[in-house]
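Novice:
Chains as they are written, first to last, in this note's numbering: chain A, 11 to 233; chain B, 3 to 249.
#1: Using a cut-off of 7 Å between C-beta atoms, extract the partners of residue 164 of chain B located in chain A.
#2: Could you tell me the distance, in whole angstroms, from the CA atom of residue 179 of chain B to the CA atom of residue 139 of chain B?
#3: Can you give the beta carbon distance from residue 227 of chain B to residue 20 of chain B, rounded, assuming they're within the 8 Å contact cut?
#4: Taking 7 Å as the threshold (beta carbon to beta carbon), is residue 153 of chain B in contact with chain A?
#5: So with CB distances below 7 Å, who are the chain A contacts of residue 142 of chain B?
#6: Can you name the residues of chain B whose CB is closer than 7 Å to the CB of residue 222 of chain A?
#7: For residue 200 of chain A, does the count of other Cβ atoms within 10 angstroms reach 16, so buried, or fall short, so exposed?
#8: Does the Cβ of residue 230 of chain A have 16 or more other Cβ atoms within 10 Å, making it buried, or fewer, making it exposed?
#9: From residue 18 of chain B to residue 183 of chain A, what does the alpha carbon distance come to, in whole angstroms?
#10: Please state whether DSSP places residue 102 of chain B in a helix, a strand or coil.
#11: Okay, do the segment 169–182 of chain A and the segment 99–119 of chain A touch, 3+ Cβ pairs below 8 Å being the bar?
#12: Can residue 209 of chain B and residue 37 of chain B be called in contact, C-beta distance under 7 Å?
#13: Can you pull out the residues from the segment 120–149 of chain B whose beta carbon lies closer than 7 Å to at least one beta carbon of chain A?
#14: Give the straight-line distance between the Cα atoms of residue 171 of chain B and residue 161 of chain B, rounded to the nearest whole angstrom.
#15: Could you tell me how far apart the beta carbons of residue 73 of chain B and residue 137 of chain B are, in whole angstroms, since I believe they sit closer than 8 Å?
#16: Buried or exposed for residue 157 of chain B, going by 16 or more other Cβ atoms inside 10 Å?
#17: So for residue 53 of chain B, helix, strand or coil by DSSP?
#18: Would you report the Cα separation of residue 221 of chain A and residue 197 of chain A, rounded to the nearest angstrom?
#19: Using a Cβ-Cβ cut-off of 8 Å (strictly less than) and excluding sequence neighbours within five positions of residue 91 of chain A, which residues of its own chain qualify?
#20: Using a Cβ cut-off of 7 Å (strictly closer), state whether residue 179 of chain A contacts chain B.
#21: Roughly how many whole angstroms lie between the Cα atoms of residue 34 of chain A and residue 170 of chain A?
#22: Report the rounded CA-to-CA distance for residue 216 of chain B versus residue 105 of chain B, giving the unit in angstroms.
#23: Would you kindly work out how many angstroms separate the C-alpha atoms of residue 121 of chain A and residue 152 of chain A, rounded to a whole number?
#24: Quick check on residue 41 of chain A: does DSSP put it in helix, strand or coil?
#25: Let me know the secondary structure DSSP gives residue 74 of chain B once reduced to three states.
#26: Can you tell me whether residue 11 of chain A is helix, strand or coil according to DSSP?
#27: Since residue 196 of chain A meets chain B, which of its residues come closer than 8 Å, beta carbon to beta carbon?
#28: Could you list which residues in chain B have their beta carbon closer than 9 Å to that of residue 187 of chain A, in chain order?
#29: What's the call for residue 118 of chain B, buried or exposed, on a 16-neighbour Cβ count within 10 Å?
#30: Between residue 219 of chain A and the rest of its own chain, which residues show a CB-CB distance below 7 Å, the 5 nearest in sequence each way excluded?
#31: Inspect the CB distances between the segment 31–50 of chain B and the segment 89–99 of chain B and report whether three or more fall short of 8 Å.
#32: Is there contact here, the segment 47–61 of chain B with the segment 206–213 of chain A, by at least three beta-carbon pairs under 8 Å?
#33: Going by the C-beta, is residue 120 of chain B closer than 6 Å to any heavy atom of the ligand COA?
#34: Are at least three pairs of beta-carbons, each pair with one atom in the segment 12–26 of chain A and one in the segment 51–58 of chain A, less than 8 Å apart?
Have a look at this one:
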């Protein structure tokens, strides 16, 4: 069972790494969106530092959303998703493997790149650890929650806009706790509460999302 | 119990039941709403703090209650769809979504109208208004998903999954928005403490809430009848009714 998890994880990682546009495009999108904000609101360092947590978080959320669309699409169109559903392995576990692979190529680079953007946005240095931690927990939850939407829309022609409509409202709690964690850290306050809540959301999503995604995949493939 | 349940679950019996019930419920709805609005607008005393403008409460609060109640009905129906593949539950869920979205919109619009004299602004990022807005987004997403899947059986089940995911999320969203709001709300905003409501105001409020609920049942029954006819247009009982000209 865990061997199949590892195999699927390795397969997805190899596939994504060979097609660099898969993980590179959302990353570039992330950088460009954050760059747009100073151009839009002006180069005032203090204002930028104040809105930096929210801007970085919203940009990370949108970049995750952009990457989500491809989570099941390739496998759906070449038929390997059907094989996955037919295989004797527990589907939620397989979904979890795919989501993990997806996070490793889309969420993790976002987290690693975020300090650079924090620098551009004049975020106080002391907020960096919180930014990284909150983004790790947050993007994990976003990938898990988003996988439900991706599974529901995989068979549809104009699925990507619909995907945004479906999952963005569900992303709101993660955004609220994530950005407020960074705001608190930038102001020199404790961030334990926010991080615990983010971790709570992550574990809740980890416990429930793979099952919902599996059910949604079965429906999408059947039709 | 289960036989009764099965009987009700057949679209034909439900159609019949809806035909019998909806005129009576319409009358009941008119009485309740008429009494509630009359008591609310003409009999209930003026609020000493908010003046006459508080009277919008008799529309605003029932609409907000109904927006959540209808979502609960949808979620319950979704469970029936996923577990028992009940056709009727899917029909009720489908017709309820636009009604619930309208109640949500009504609650938002009246809340905004109420906010103008109370807070001095059309829109305040108040926790309740914000979570109501997010609920509206969820309703819209649900309807958009339904509109974009062609296959009827997968449409009903995909929508059911989304409704159930939403039901898990709504309390979390509500809590997080509440928390976010207390963090961000500047203290200068006037926060009027709600005085415990006087019976003369509570009675019309309850009457209106009941009236709104019955109004939802009436709309739901009538709209599901249309949808049943549409979906069962090939079945013999619908054909029979068409030839006898009694729909």
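Note that CB positions come from ideal geometry on N, CA and C, so glycine has one too.
Specialist: To lay it out plainly:
#1: Position 162 of the second chain holds residue 164 of chain B. Going along chain A in sequence order, the residues near residue 164 of chain B (Cβ under 7 Å) are 162, 176.
#2: The residue you call residue 179 of chain B lines up with position 177 of the second chain. The residue you call residue 139 of chain B lines up with position 137 of the second chain. For residue 179 of chain B and residue 139 of chain B, the distance between alpha carbons rounds to 15 Å.
#3: Position 225 of the second chain, counted from the start, is the residue given in the question as residue 227 of chain B. Position 18 of the second chain, counted from the start, is the residue given in the question as residue 20 of chain B. Confirmed, Cβ separation roughly 5 Å.
#4: Counting from 1 along the second chain, the entry for residue 153 of chain B is found at position 151. Closer than 7 Å to some Cβ of chain A, the Cβ of residue 153 of chain B qualifies, so yes.
#5: Start at 1 with the first residue of the second chain, and residue 142 of chain B comes out as number 140. Neighbours of residue 142 of chain B on chain A, chain order: 175.
#6: Position 212 of the first chain holds residue 222 of chain A. By Cβ distance, chain B contributes 163, 167.
#7: Translated into the one-based positions of the first chain, residue 200 of chain A becomes position 190. Burial call: exposed.
#8: Position 220 of the first chain, counted from the start, is the residue given in the question as residue 230 of chain A. Residue 230 of chain A should be labelled buried.
#9: In the second chain, counting from the first residue as 1, residue 18 of chain B sits at position 16. In the first chain, counting from the first residue as 1, residue 183 of chain A sits at position 173. CA-to-CA, the gap between residue 18 of chain B and residue 183 of chain A works out to about 44 Å.
#10: Against the second chain, residue 102 of chain B aligns to sequence position 100. Of the three classes helix, strand and coil, the one that applies to residue 102 of chain B here is helix, per DSSP.
#11: no
#12: Position 207 of the second chain, counting from 1, holds the residue named residue 209 of chain B. Position 35 of the second chain, counting from 1, holds the residue named residue 37 of chain B. Yes, Cβ-Cβ distance for residue 209 of chain B and residue 37 of chain B is below 7 Å.
#13: 136, 139, 140, 142, 143, 146, 147
#14: What you label residue 171 of chain B is simply residue 169 of the second chain in a count that begins at 1. What you label residue 161 of chain B is simply residue 159 of the second chain in a count that begins at 1. Cα to Cα, the separation comes out at about 15 Å.
#15: Within the second chain, the letter at position 71 stands for residue 73 of chain B. Within the second chain, the letter at position 135 stands for residue 137 of chain B. Yes, residue 73 of chain B and residue 137 of chain B are in contact; Cβ-Cβ is about 7 Å, under 8 Å.
#16: For the purposes of this step, residue 157 of chain B is taken as residue 155 along the second chain, with counting starting at 1. Residue 157 of chain B comes out buried.
#17: Counting from one through the second chain, the residue named residue 53 of chain B turns up at place 51. Strand.
#18: As a first step, residue 221 of chain A is located in the first chain; it is residue number 211 there, counting from the start. As a first step, residue 197 of chain A is located in the first chain; it is residue number 187 there, counting from the start. The alpha-carbon atoms of residue 221 of chain A and residue 197 of chain A are separated by roughly 39 Å.
#19: Translated into the one-based positions of the first chain, residue 91 of chain A becomes position 81. Here the set comprises 82, 85, 164, 227, 231.
#20: Residue numbering aside, residue 179 of chain A sits at position 169 when the first chain is read from its first letter. Yes, residue 179 of chain A counts as interfacial toward chain B.
#21: For this step, residue 34 of chain A is matched to residue 24 along the first chain. For this step, residue 170 of chain A is matched to residue 160 along the first chain. Cα-Cα distance, rounded: 18 Å.
#22: As a position in the second chain, residue 216 of chain B is number 214, starting the count at 1. As a position in the second chain, residue 105 of chain B is number 103, starting the count at 1. In a straight line, the C-alpha of residue 216 of chain B is about 13 Å away from that of residue 105 of chain B.
#23: Within the first chain, the letter at position 111 stands for residue 121 of chain A. Within the first chain, the letter at position 142 stands for residue 152 of chain A. Looking at the two C-alpha atoms, the distance is approximately 13 Å.
#24: By one-based count along the first chain, residue 41 of chain A stands at place 31. It is helical.
#25: Taking the second chain and counting its residues from 1, one reaches residue 74 of chain B at position 72. Helix.
#26: By 1-based counting over the first chain, the position of residue 11 of chain A is 1. In the structure shown, the three-state DSSP call for residue 11 of chain A is coil.
#27: Reading the first chain from its first residue, position 186 is the one you call residue 196 of chain A. Going along chain B, no residue has its Cβ under 8 Å from residue 196 of chain A, so there is no contact; the nearest lies around 14 Å.
#28: Against the first chain, residue 187 of chain A aligns to sequence position 177. Chain B residues near residue 187 of chain A: 178, 181, 182.
#29: Counted from its first residue, the second chain places residue 118 of chain B at position 116. By the neighbour-count definition (other C-beta atoms within 10 Å, threshold 16), residue 118 of chain B is an exposed residue.
#30: As a working mapping, residue 219 of chain A is identified with position 209 in the first chain. These residues qualify, in order along the chain: 154, 155, 157, 158.
#31: Counting C-beta pairs closer than 8 Å gives fewer than three between the segment 31–50 of chain B and the segment 89–99 of chain B, which falls short of the contact rule.
#32: no
#33: With respect to the ligand COA, the structure offers nothing, as it holds no ligand at all.
#34: no
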